[in-house]
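Participant: According to the UniProt record's numbering, the residues represented by the sequence shown are 1 to 60, in order.
For glycine and all other residues, C-beta sits at the position ideal for the given N, C-alpha and C.
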Amino acid sequence: MLYLIYAQDVPGTLEQRMAVRPAHLARLQALRDEGRLVVAGLTRLSIATIQARLDLPVLP
C-alpha cells in the first residue's frame, strides 16, 4: 500500500530543519535501499520559501 505524508513548516523552523537534514537524508536513503520509498522532496511552495529565506533565485 502506498501513502503520502505531507507536512507544512511553521515560521521559524527552517534552521531546525537544516540542522537535522543530514540525519533526515540518511533515513531517506535507508528507506530507499529497503524499497520502502518511492519519492521524496519539497513542494514548489517549500522551495520558494527556502529560496526567499536564503536569497536564492526562484527557478521556473
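Under DSSP, the alpha helix (DSSP H) around residue 30 begins and ends at which residues?
Facilitator: Note, residue 30: alpha helix (DSSP H), 14-33.
Participant: Nearest-angstrom Cα distance between residue 27 and residue 19?
Facilitator: Distance between the alpha carbons of residue 27 and residue 19: 14 Å.
Participant: Is the distance from the Cβ of residue 21 to the Cβ of residue 9 below 8 Å?
Facilitator: No.
Participant: Ordered along the chain, which non-local residues of its own chain (more than five positions away) have a Cβ less than 6 Å from that of residue 43?
Facilitator: For residue 43, where only same-chain residues beyond five positions count, there are no Cβ hits under 6 Å.
Participant: Find out if the Cβ-Cβ distance for the pair residue 38, residue 14 is shorter than 8 Å.
Facilitator: Contact: no.
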